[in-house]
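Q: Just so you know, the sequences run in chain order V and R.
No gaps in the numbering here: position 103 of the first sequence is 91 in our numbering, and each next residue is one more.
No gaps in the numbering here: position 72 of the second sequence is 60 in our numbering, and each next residue is one more.
C-beta: ideal position from N, C-alpha, C; glycine also.
For clarity, every value in this text was computed on a predicted model and none was experimentally measured.
2 protein chains.
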Amino acid sequence: MNLIQALNWRYAAKRMNGQKVSQAKIDNILEATRLSASSMGLQPYSILVVEDENRRKEIQKVAYNQPQIVEASHLLIFAAWDNITEAQINEYINNTIETRGVTPESLADFKNSLLNIANGNTPEQNYQWAARQAYIAFGTAIAAAATEEVDATPMEGFNAAALDELLNLKEKGLRSVTLLPLGYRDAEKDWLVSQKKVRREKADLFLEVV
Amino acid sequence: MNLIQALNWRYAAKRMNGQKVSQAKIDNILEATRLSASSMGLQPYSILVVEDENRRKEIQKVAYNQPQIVEASHLLIFAAWDNITEAQINEYINNTIETRGVTPESLADFKNSLLNIANGNTPEQNYQWAARQAYIAFGTAIAAAATEEVDATPMEGFNAAALDELLNLKEKGLRSVTLLPLGYRDAEKDWLVSQKKVRREKADLFLEVV
C-alpha cells in the first residue's frame, strides 16, 4: 500500500482484538518515528513503549477506560521534555559531532542559537514547543502504522498528570502528551469500522494564495 | 521507496534549485495531508498553498530571508483556527451527516461533547489545541513529500504575526503555525546535502515500560 492508500485504510479503531503485532512491524513503526522531522533536529521527547498487559490495565484506568489500551498489542506514549536544558542540548551536539565527524568549533554557533532559544523561554514555553515536536513524531507514527497495516488509535483523552505520576515521568523530565495503541481492529465489535472516513473537502481545507 | 527509505532520503534542504514539482506530486502530497488523523476528526486548520513567486518573495521577507521559500516550487503554510466556534463544529457535523448518511440525532451527543470542549476553553487554549492538530498534518505532509521524492523544509522560524497580517489571516480566523516549502534540493549549493542524518539512538529515544 502506498501512503495515500494506507491513510484511507486507517481509522481510529474503537475496539481491537488482542492479536499481537509482529516485532518486525513494531520495529518498522518505531524506526519511522525515530526518523521523524524535528525542529533543529533536537527530538525533545521520549516515546514509552508498553507491551505488558498489567501495565496497560493500570494505564487504562487513567484514560477513561478506553478498551483499545488493553485490547492493543503495544501502547506508545509520546512524552515531551518538560524543559530544554543545557545538558540535553550538549547531548544532541555531541551526537552530531560523533555522527558527522565534525569539530565542536564548527557547531558552536548552532549550539549557541539552541541555548539562546531554550534559555530565552520559560520551562512551560519550552515544554509547549517540545510537545509540538512530539506531535510531528506522533503524526509520523500514525502514518507508519498504517503503511504496516497495523491499526493505531490516536488518543489525547487521558489524565496526563495521573499518567505522569503512575510512570514516574516527572523524575525523568517528561510530560505525557498523547497515546497511540497499536494492534488490530475488532471488525465485529467496532461500530466505526463500517463508517466512511469524514474529511474536509480539498477546496475547503486548502486555500490557494494568488 | 517505502516510508522508512523515504524518511532516510529526506532532510531539511537549505537550498532548492527552482525546479517545478509536477501537479500530480503536489496533489498526492495534499491528499495525504488531507487524510491526516485529527482529534475527533475536526481538522481545525487550513493549509495555504502559495505557488506565485512574487507572493513567496513577500513571504520570504517575514521569514528571515530563507532562500528555500523562493527557490521552492510551492510553499505550504499551516494555519490553525484561532478559536473553535459553534459554526465550525456545525459544519463538521453536517459534513459527517452527509458523508455517512446518518441522522443529526445520532450525532447529538458527539456534537455536544465537541461544543463542551470548545466552550470550556479560552480562544487561546482552543488555538493551541488546533495548532497541535496542525502539527499532525504537518508531520504527515513531510512524510508524504518524502515518499514522492519531493524535498520539503519544515520551518518554524518566521514572524507569524507579520505573515498573518500580510495574508489577512486574522480575518479568516487563522494564525500561521509552520511553513513547508516543497521543491528540489540544490545539491551543489546546499552544504547539508552531504551530511549524515543525526537522530537519537533507538535505545535513547524509546523507553520500554516493564
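Which ranges would you report for the beta strand (DSSP E) in the region 4 to 72 of chain R if only whole runs of at least 3 residues count?
A: Entirely contained in the region 4 to 72 of chain R, the beta strand (DSSP E) runs reaching 3 residues are, in chain order, 33 to 38 and 62 to 69.
Q: Can you confirm whether F194 (chain R), when its beta carbon is compared against all beta carbons of chain V, has any partner nearer than 7 angstroms?
A: Locating residue 194 (chain R) in the second sequence gives position 206, counting from the first residue. Yes, F194 (chain R) lies at the interface with chain V (some Cβ there is under 7 angstroms from its Cβ).
Q: Looking only at DSSP bridge pairs, what is D139 (chain R) linked to?
A: The sequence position of residue 139 (chain R) within the second sequence is 151, counting from 1. R:G171, per the DSSP bridge assignment.
Q: Starting from A132 (chain R), find everything on chain V with Cβ-Cβ shorter than 9 angstroms and list it in chain order.
A: Residue mapping note: residue 132 (chain R) aligns to position 144 of the second sequence, counting from 1. In chain order: L(-9), I(-8), L(-5) and A131.
Q: In whole angstroms, give me the CA-to-CA distance for A60 (chain R) and Y33 (chain V).
A: Here residue 60 (chain R) is taken as the residue at index 72 of the second sequence, counted from 1. Here residue 33 (chain V) is taken as the residue at index 45 of the first sequence, counted from 1. A60 (chain R) and Y33 (chain V): Cα-Cα distance of roughly 30 angstroms.
Q: Hey, quick one: how far does the beta strand (DSSP E) through Y194 (chain V) stretch, first residue to last?
A: Your numbering for residue 194 (chain V) matches position 206 in the first sequence. In the sequence as presented, Tyr is not what sits at residue 194 (chain V); that position holds Phe. Here the beta strand (DSSP E) through F194 (chain V) covers F194 to V197.
Q: Determine whether the Cβ of G127 (chain R) lies closer than 7 angstroms to any Cβ atom of chain V.
A: Within the second sequence, numbered from 1, the residue matching residue 127 (chain R) stands at position 139. So, interface residue.
Q: So is L23 (chain V) buried or exposed if we call it buried at 16+ other beta carbons inside 10 Å?
A: On the first sequence, residue 23 (chain V) is found 35 positions in, with the first residue counted as 1. With 16 or more Cβ atoms within 10 Å of its Cβ, L23 (chain V) is classed as buried.
Q: For L170 (chain R), decide whether its Cβ has a neighbour in chain V, counting only Cβ atoms nearer than 7 angstroms.
A: For the purposes of this step, residue 170 (chain R) is identified with residue 182 of the second sequence, where counting begins at 1. Taking Cβ atoms only, chain V never reaches closer than 7 angstroms to L170 (chain R), which makes this a no.
Q: Compile a chain-ordered list of the residues in the region 18 to 35 of chain V whose CB is closer than 7 angstroms to at least one CB of chain R.
A: The residues in question are L18, E19, A20, R22, L23, S24, A25, S27, G29, Q31, S34 and I35.
Q: Does DSSP classify T87 (chain R) as helix, strand or coil?
A: If you number the second sequence from 1, residue 87 (chain R) lands on position 99. Helix at T87 (chain R).
Q: Of all the CB atoms in chain R, is at least one closer than 7 angstroms to the CB of K199 (chain V)?
A: Outside the modelled stretch of chain V, which goes from -11 to 198, sits residue 199 (chain V), for which no answer is possible.
Q: Give every residue of the same chain whose Cβ lies closer than 7 angstroms to the Cβ of T87 (chain V), excluding the five residues on either side of it in the sequence, and list them in chain order.
A: Stepping through the first sequence from its first residue, residue 87 (chain V) is reached at position 99. For T87 (chain V), where only same-chain residues beyond five positions count, there are no Cβ hits under 7 angstroms.
Q: Taking Cβ-Cβ distances below 9 angstroms as the criterion, which residues of the region 91 to 116 of chain V are in contact with chain R?
A: So the list reads Q116, given in the order they occur along the chain.
Q: Going by DSSP, what residues sit across from L162 (chain R) in a beta bridge?
A: Start at 1 with the first residue of the second sequence, and residue 162 (chain R) comes out as number 174. The partner list for L162 (chain R) (beta bridge, DSSP) reads R:W69.
Q: How should Y52 (chain V) be labelled, buried or exposed, when 16 other C-beta atoms within 10 angstroms of its C-beta is the threshold for buried?
A: Here residue 52 (chain V) refers to the residue found at position 64 of the first sequence. That one is exposed.
Q: Along the region 158 to 191 of chain R, what residues have a CB closer than 7 angstroms to any CB found in chain V?
A: Listed by position along the chain: Q183, K184, V186, R187, R188 and K190.
Q: Is the number of C-beta pairs between the region 169 to 176 of chain R and the region 60 to 80 of chain R that are closer than 8 angstroms three or more?
A: Output reads yes: the region 60 to 80 of chain R touches the region 169 to 176 of chain R.
Q: Can you tell me the Cα-Cα spacing of Q279 (chain R) and A0 (chain V), whole angstroms?
A: Outside the modelled stretch of chain R, which goes from -11 to 198, sits residue 279 (chain R), for which no answer is possible.
Q: I need the straight-line Cα distance from A125 (chain R) to A125 (chain V), nearest angstrom please.
A: Position 137 of the second sequence, counting from 1, holds the residue named residue 125 (chain R). Position 137 of the first sequence, counting from 1, holds the residue named residue 125 (chain V). Cα to Cα, A125 (chain R) sits roughly 11 angstroms from A125 (chain V).
Q: Check whether the region 68 to 77 of chain R and the region 175 to 188 of chain R are in contact - that is, three or more C-beta pairs closer than 8 angstroms.
A: At 8 angstroms Cβ cutoff, the stretches do not touch.
Q: Count the other C-beta atoms from every protein chain shown that fall within 10 angstroms of the C-beta of L111 (chain R), then say buried if there are 16 or more, exposed otherwise.
A: Along the second sequence, one-based indexing puts residue 111 (chain R) at 123. This sequence places Pro at residue 111 (chain R); Leu is not what is there. Classification of P111 (chain R): exposed, given that the 10 Å Cβ count is below 16.
Q: Check L111 (chain V) in the structure and name its three-state DSSP category.
A: Position 123 of the first sequence, counting from 1, holds the residue named residue 111 (chain V). It should be noted that the sequence gives Pro, not Leu, for residue 111 (chain V). Helix at P111 (chain V).
Q: Whose Cβ in chain R lies nearer than 9 angstroms to the Cβ of R88 (chain V)?
A: Locating residue 88 (chain V) in the first sequence gives position 100, where the first residue counts as 1. Ordered by position in chain R, the residues that pass the 9 angstroms Cβ test against R88 (chain V) are Q183, K184 and V186.
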